[in-house]
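Residue numbers (the numbering used here): 44 to 237. The beta-carbon is built from N, C-alpha and C at its ideal position, and this holds for glycine as well. All values derive from a computational prediction rather than experimental measurement. In what follows, a structure is listed as structure tokens, so that the remarks can point back to it.
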């Protein structure tokens, strides 16, 4: 299911006006509705448009809200209307930072929680139920701008998990099970910057 998250306000004409005002209550409803539909029908969903004006404080706050909801609902997303590079070819880090965040790239089990505390600790947490029939590691994407290399982060894993930097992509952390990992149990990955 492909969908968009856009806020509209009534207008005096036939066409509603797209607004940049807070639409968090409507956003909660949209994410929950899509989640419920997918639970009923199966399949997956993809948020294809949502970005608010990343140059304004209110737009940035709306973008953070949507990104947090995407984490909460394990929602795939893309941004295609915002530019992360100015006319001179310089990266606009203030805009890029609204979207560049850690996330679970692959989960070897059933996901239960993905959370990134952007405002305070910059800590990333993933909780999932282990499925030992999956023969690939879980993978976490860590943006280097938030977690500098080589020693810019600490990883804490619950019993029965090990981690290593992915050999093909140093922005990915592979999380492996061990002989001590029981099947069907909740495991937690915490990553925080140093």
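Asked: Residue 78 (DSSP reduced to helix, strand or coil); Found: helix
Asked: Same chain only: Cβ atoms within 7 Å of residue 97, ignoring 5 sequence neighbours per side; Found: 103, 106, 125, 138 and 141
Asked: Local conformation of residue 60 per DSSP, three classes; Found: Reliability fails at residue 60, whose pLDDT of 41 lies under 50, so the model's placement of it is uncertain and no value is given.
Asked: Residue 190 burial status per 10 Å Cβ neighbour count (16 or more: buried); Found: buried
Asked: Coil, strand or helix - residue 217 by DSSP; Found: strand
Asked: Buried/exposed call for residue 89, threshold 16 Cβ in 10 Å; Found: exposed
Asked: Status (buried if at least 16 other CB within 10 Å, exposed otherwise) for residue 145; Found: buried
Asked: Entirely enclosed alpha helix (DSSP H) segments - the region 80 to 168, minimum 4 residues; Found: 100 to 115 and 136 to 139
Asked: For residue 205, the first and last residue of its enclosing beta strand (DSSP E); Found: 204 to 208
Asked: Nonlocal neighbours in the same chain, by C-beta distance under 6 Å from residue 175, ignoring five residues either side; Found: 226
Asked: Among 135, 73 and 184, the one whose alpha carbon lies nearest that of residue 232; Found: 184
Asked: Nearest-angstrom Cβ-Cβ length linking residue 237 and residue 197, presumed shorter than 8 Å; Found: 6 Å
Asked: For residue 236, the residue or residues it bridges with in DSSP; Found: 196
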